[in-house]
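The block underneath contains the structure these notes are about, expressed in structure tokens.
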Amino acid sequence: MLAVAVAIGFVVALLAPWCVRRAGAVWGPRLLVAYPLSVFVLALSRGYDAAHVEAAFAWVPRFGLRWSVLVDGWSILFAALISGIGGLVVLYGAAYLRHHEHLGRFYLYLIGFMAAMLGVVLASNLLLLFVCWELTSIFSYLLIGFEHEDTKSRKSALQALLTTGVGGLALVVACVLLRAEFGTWELAEMLRHAPEWSSPAMELATIILLLTAAFTKSAQFPFHFWLPSAMAAPTPVSAYLHSATMVKAGVFLLARFYPMFQEHWLWQPVLLVGGGATMFVGAALALSQRDLKLLLAYSTVSALGTLVFLLGVATHEAVAACVVFLVAHALYKGGLFFFAGIVDHETGTRDIEELGGLAREWPSLAVAASILALSMAGILPLFGFIAKELAYEAVLHAGLPLALALLVGCSALQVAVAGLAVARPLFSPPGSLAAPHHSPEHELTLGPWLLAAASLLFALWPRAGFTHLLAAAATGIAGESGELKLALWHGWTPALTLSLVTIALGVGAFLLRPLWTTVAAQGTRWKQVGPAFLYELAVSGLTQLAAWQTRKLQTGRLRQYQALVLTTAVGSVLLALPLAEGALPGLPRNGLYPTEAAVFVAMLAGMVITMVTSSRLTAIVGLGVTGYAVGVLFLMFGAPDLAMTQFAIETLTVILFVLVLYRLPRFESRSTPGARVRDAALASAVGASIAVLVLVLLADPTPSALAPYFLAHSEPAGHGRNVVNVILVDFRSLDTLGEITVLGLAAIGVGTLMAMRGKYR
Amino acid sequence: MQAFLAITIGCLYAGAFYLMLRRSIVKLLLGLGLLGHAANLLIFATSGLVRFAPIMTEPGAATPPRVADPVPQALILTAIVISFGVLAFSVVLIKLTAAAARTDDVDSLRTSEM
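Protein sequence lines correspond, in order, to chains U and L. Going by this note's numbering, the residue at position 100 of the first sequence is 100; the numbering climbs one at a time, nothing skipped. Going by this note's numbering, the residue at position 27 of the second sequence is 788; the numbering climbs one at a time, nothing skipped.
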């Protein structure tokens, strides 16, 4: 069922523009919500306690590509997030982009992305996972560049595509290596074995490739730069792809392979250091932003770092904390992006220095946004608090004091960022900006309200079913079940003390922000060596390299092209030569008759005459001698048809040459002796390669499989005893028809050119 | 015999390419003609080189007679005709090009516009 649901998503996406056109900008999206809603219900109605593969159908059986769906807590949790938040985004987008002329196209991309993302998290077949993974990159590209008239939009879209594209390439190679190791494309079977690898080098390569894929997709340091640039997308897209779902695909992938690799020496350190660095860089950069969306984008980078970091801690507790934090983050960050979109949509600015006093205008939205911000800050009694407590507990119990300090510091920065993103625009005194005239539409405020309510309710009354899903997700990742208790109050624990410290530090950071922005302004020159700069360098370098090699190779000089092709040919023969070792002794020897020797001599004599003479007529005679000698050779070796054709055609060729002879330019001596020697050397090398090839060919005793067939069927089927003839006019008569066509075309070409001749006389 | 044939084919290729690397456009044409012969011989070499035995089936014979492989011969028959077509077209094209560009130096013929 779920496999079909994913496939249906692509159909719905294709129908979306039509639906929006027919049903209108209001009802079209409302109809489209049916898809995410039904997927949401379907996903949660599956039994996900025991991991199992759902009924699949073959897609490209030859390559082992199947639509097989792996159902466990982890994939179902993700599917529920994607479809749940997706549904809200579909509604929100309708209000946000109501008057956009390409609303239908927007829904094509958005629903298409949703289906692809569902494919990524549900696929059990690695090829299907890869195809969907790439589709999410492509839809992300289309959505970031949705306002394609804008240069910045296009540039950001390309940046995101190239960065995640590198990861996609890494992923496909990793998939192939996994297939080679396990002999199956099915993820479910690989995870069931989780065995010793046959070669450590291959395991290491697979790990590095998977890490590259996950780090680029989830914007981990040093690939974090594409995510803030992706804020050029319309805000519904940022809320969906670039905070709640797609950027978590990397985390998803890392978690999927967690049981297979968590004990590898490289895995844990890379996740800890990479995740930790991302967590810190994101939070620190977030604090100095003025743009509301950039603020949230950098804090998303930080949160993604936290998720990877928690996977790196690699205890069952940390995995559970990772799952809970992922859900908490999806809820509050999705909601906060909705809020940022509303602010932008209604006031026309996202600059937090200009915004202020919005709480007075929009009291109910202010409540929702405040709840979301408090959840982000990890303050009682919200879901974000539970997530943060679990993370603290996990790192405490794992005994990593440095990591704990880092986590506390970054959480404190998140507190400050939450304050900046919400408290500033809502409660600070109104700035220069004129107050918005009307309150936002219900379709816009629905998303933040629902997500805020979820953040509150999940914390106050963590229902058994919900807790069970989260626990099942942790089980799905780690492969072993563990306990998960969600409670606001654990008693006075060290984690609670740390929470209080975090809040105090966060408030301090919030107050000291002016100082921080001054320091950050000093640090802008660091951008000169940042990853974004390196990206620019790489892209422009690639373009220059392409231009350079085009200049070098495509000179427009025919002789240079020929020389290049010939050199490559000789090189290939030299490379392949070792393969032919030992072939030559098998060469059949059936002597050389004097007449045959004479024919060979005539052939070569004709060639030499053609090459050395300075008279055009003599050159043509030489060519003719070679041609007739070839005909005689055909005659000697049982090919009278060939000989007749060769004689006839050679005669025609000589006549043709003689006819145009005196219109052809005379020979002049142009090349320098050095050039002659060089060309002669190259030509000789080619000749020698060909001679060796012919020798190897003749030494191969494998008989032709076709010859017996034609010999046996020529008379019964083709009613002719001359087998060559029968092949040409019967068995392969279409080839002969093609040959006649070519000749006809050549004749037309010659005729046309002759007609043009007057022009250039 | 086989070795001599291989060396002859190699020499023909070498000569053809040497001519095609000359700056005179007419030599390019001659080289093209020579290349056609060389390529036909190369295909012919694969047919088994059975002396004086035209590929004819005996009427009513159950087993095919011991003759050369007919497939390369059919290919060559096509190739001879096609290479003549190409050569005829090239002769006229090159003659016109030389007349239009007022040069027969391949190195000066670098633009696609006249």
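Where is the CB? At the ideal position from N, CA and C, for every residue including glycine. Values in this document were obtained by computation on a predicted structure and should not be read as measured data.
### Query
Using a C-beta to C-beta distance shorter than 7 Å, which residues of chain L count as neighbours of Pro588(U)?
For the purposes of this step, residue 588(U) is identified with residue 588 of the first sequence, where counting begins at 1. Within 7 Å Cβ-Cβ: Gln763.
### Message
Taking the straight line between their C-alpha atoms, what separation do you get for Ser428(U) and Gly357(U)?
### Response
By one-based count along the first sequence, residue 428(U) stands at place 428. By one-based count along the first sequence, residue 357(U) stands at place 357. Straight-line Cα distance between these residues: approximately 6 Å.
#### Entry: Inter-stretch contact (C-beta, 8 Å, three-pair minimum) for the stretch 363-380 of chain U and the stretch 446-464 of chain U
The answer is yes - the stretch 446-464 of chain U touches the stretch 363-380 of chain U, with three or more Cβ pairs under 8 Å.
### Query
List, in order along the chain, the chain U residues whose C-beta lies closer than 8 Å to that of Ile843(L)?
Residue mapping note: residue 843(L) aligns to position 82 of the second sequence, counting from 1. What Ile843(L) touches in chain U: Glu739, Val742, Leu743.
### Message
Do Met1(U) and Leu42(U) have their beta-carbon atoms positioned less than 8 Å apart in this structure?
### Response
Along the first sequence, one-based indexing puts residue 42(U) at 42. Along the first sequence, one-based indexing puts residue 1(U) at 1. Contact flag set, yes.
### Segment contact, 8 Å Cβ cut-off, at least three pairs: the stretch 655-667 of chain U with the stretch 611-626 of chain U
In this structure the stretch 655-667 of chain U touches the stretch 611-626 of chain U; the number of beta carbon pairs closer than 8 Å is three or more.
### Task
Show which residues of chain B have a CB atom less than 7 Å away from the CB atom of Ile768(L).
Chain labels in this structure do not include chain B; the protein chains are U and L.
### Query
Name the chain U residues that come within less than 7 Å of Ile837(L), Cβ to Cβ?
Within the second sequence, numbered from 1, the residue matching residue 837(L) stands at position 76. Annotation: Cβ neighbours of Ile837(L) in chain U (cutoff 7 Å, chain order): Leu642.
### Task
With a floor of 3 residues, list each beta strand (DSSP E) that falls wholly inside the stretch 517-557 of chain U, ordered by position along the chain.
Taking only runs of at least 3 residues, no beta strand (DSSP E) segment lies wholly in the stretch 517-557 of chain U.
### Message
Tell me the rounded alpha-carbon separation between Ala286(U) and His193(U).
### Response
Within the first sequence, residue 286(U) is the residue found at index 286, counting from 1. Within the first sequence, residue 193(U) is the residue found at index 193, counting from 1. Taking the straight line from one Cα to the other gives about 42 Å.
### Task
Find out if the Cβ-Cβ distance for the pair Ala248(U), Leu326(U) is shorter than 8 Å.
Locating residue 248(U) in the first sequence gives position 248, counting from the first residue. Locating residue 326(U) in the first sequence gives position 326, counting from the first residue. Per the sequence presented here, residue 248(U) reads as Lys, with Ala not at that position. Yes, they are a contact pair.
### Query
What three-state label does DSSP hand Asn125(U) in the structure shown?
Numbered from its first residue, the first sequence carries residue 125(U) at position 125. Here Asn125(U) sits in strand by DSSP.
### Task
Would you please state the rounded distance, in angstroms, between the beta carbons of Phe850(L) and Ile649(U)? I believe it to be under 8 Å.
Locating residue 850(L) in the second sequence gives position 89, counting from the first residue. Locating residue 649(U) in the first sequence gives position 649, counting from the first residue. Between Phe850(L) and Ile649(U) the beta-carbon gap is near 14 Å, outside 8 Å, which marks them as no contact.
### Segment limits, beta strand (DSSP E) that includes Ser68(U)
Here the question's residue 68(U) lines up with position 68 in the first sequence. Its beta strand (DSSP E) spans residues 65-71.
### Message
Which residue wins for smallest C-alpha separation from Tyr392(U), given the options Ser439(U), Ala418(U), Ala321(U), Gly419(U)?
### Response
Indexing the first sequence from 1 puts residue 392(U) at position 392. Measuring from the Cα of Tyr392(U), the nearest candidate turns out to be Ala321(U).
#### Entry: Whole runs of the alpha helix (DSSP H) within the stretch 261-339 of chain U, excluding any shorter than 4 residues
Within the stretch 261-339 of chain U, the runs of alpha helix (DSSP H) at least 4 residues long that lie entirely inside it are, in chain order, 267-287, 292-313.
### Query
Does the beta carbon of Pro665(U) sit closer than 8 Å to a beta carbon anywhere in chain L?
As a first step, residue 665(U) must be located in the first sequence, where it is residue number 665. At least one CB of chain L lies nearer than 8 Å to the CB of Pro665(U).
### Message
Strictly below 9 Å CB to CB, what residues from chain L border Gln554(U)?
### Response
By one-based count along the first sequence, residue 554(U) stands at place 554. Per Cβ cutoff of 9 Å: no residues; Gln554(U) is ~11 Å from chain L at best.
### Query
Is Leu37(U) near Leu122(U), with beta carbons less than 8 Å apart?
Locating residue 37(U) in the first sequence gives position 37, where the first residue counts as 1. Locating residue 122(U) in the first sequence gives position 122, where the first residue counts as 1. Not closer than 8 Å, so no.
### Query
What does Leu854(L) touch in chain U if you count any residue whose Cβ is under 7 Å from its own?
Taking the second sequence and counting its residues from 1, one reaches residue 854(L) at position 93. Correct list: Leu753.
### Query
Which bits of chain L does Thr610(U) rub up against, with CB to CB less than 8 Å?
On the first sequence, position 610 is the one that residue 610(U) refers to. The contacting residues are Gly776, Leu780, Leu791, Leu795.
### Beta-carbon proximity check, Ile837(L) vs Ala691(U), cutoff 8 Å
On the second sequence, position 76 is the one that residue 837(L) refers to. On the first sequence, position 691 is the one that residue 691(U) refers to. No, these two residues do not count as a Cβ contact at 8 Å.
### Message
Does any residue of chain L have a CB that is nearer than 8 Å to the CB of Leu711(U)?
### Response
Here residue 711(U) refers to the residue found at position 711 of the first sequence. When Cβ-Cβ separations below 8 Å define contact, Leu711(U) makes contact with chain L.
### Query
What is the DSSP secondary structure of Trp133(U), reduced to helix, strand or coil?
Locating residue 133(U) in the first sequence gives position 133, where the first residue counts as 1. Helix at Trp133(U).
### Query
Can you tell me whether Lys552(U) is buried or exposed, with buried defined as 16 or more other CB within 10 angstroms of its CB?
Residue mapping note: residue 552(U) aligns to position 552 of the first sequence, counting from 1. Flag for Lys552(U) reads exposed.
### Task
Check whether the stretch 475-485 of chain U touches the stretch 298-317 of chain U, counting contact only when three or more Cβ pairs, one atom from each stretch, lie closer than 8 Å.
Cβ pair count under 8 Å is three or more, so yes.
### Query
chain L partners of Phe600(U), CB-CB under 8 Å?
By one-based count along the first sequence, residue 600(U) stands at place 600. Per Cβ cutoff of 8 Å: Phe765, Leu766, Thr769.
### Task
List the whole-angstrom C-beta distance separating Leu81(U) from Ala283(U), where the pair is believed to meet the contact cut-off of C-beta under 8 Å.
For this step, residue 81(U) is matched to residue 81 along the first sequence. For this step, residue 283(U) is matched to residue 283 along the first sequence. No, Leu81(U) and Ala283(U) are not in contact; Cβ-Cβ is about 23 Å, not under 8 Å.
### Task
Could you give the DSSP three-state label for Val60(U): helix, strand or coil?
To locate residue 60(U), count along the first sequence from 1; it is residue 60. Of the three classes helix, strand and coil, the one that applies to Val60(U) here is strand, per DSSP.
### Query
At a CB-CB cut-off below 7 Å, which residues of chain L make contact with Phe221(U)?
Here residue 221(U) refers to the residue found at position 221 of the first sequence. Against Phe221(U), chain L offers no close residue; the least beta-carbon distance is about 50 Å (beta-carbon pairs closer than 7 Å).
#### Entry: Nearest to Leu558(U) (by Cα), restricted to the options Thr864(L), Leu789(L), Ala860(L)
Residue mapping note: residue 558(U) aligns to position 558 of the first sequence, counting from 1. If we check each option's Cα against that of Leu558(U), Leu789(L) comes out closest.
### Through-space distance from Leu382(U) to Leu460(U), alpha-carbon basis
Stepping through the first sequence from its first residue, residue 460(U) is reached at position 460. Stepping through the first sequence from its first residue, residue 382(U) is reached at position 382. Between Leu460(U) and Leu382(U), the C-alpha separation is close to 7 Å.
### Closer than 8 Å to chain L by CB, Val727(U)
As a working note, residue 727(U) is residue 727 in the first sequence. Here residue 727(U) is Ile; the residue named in the question, Val, does not match the sequence. The beta carbon of Ile727(U) sits closer than 8 Å to some beta carbon of chain L.
### Query
Beta-carbon of Asp735(U) versus every beta-carbon of chain L: anything under 8 Å?
Mapped onto the first sequence, residue 735(U) falls at position 735. Chain L contact via Cβ: present.
### Query
On the three-pair Cβ rule with 8 Å, is the stretch 216-227 of chain U touching the stretch 247-265 of chain U?
By the Cβ criterion, the stretch 216-227 of chain U is in contact with the stretch 247-265 of chain U, since at least three pairs of Cβ atoms, one from each stretch, lie closer than 8 Å.
### Message
Helix, strand or coil for Asn722(U)? Go by DSSP, reduced to three states.
### Response
If you number the first sequence from 1, residue 722(U) lands on position 722. DSSP places Asn722(U) in strand when its eight states are reduced to three.
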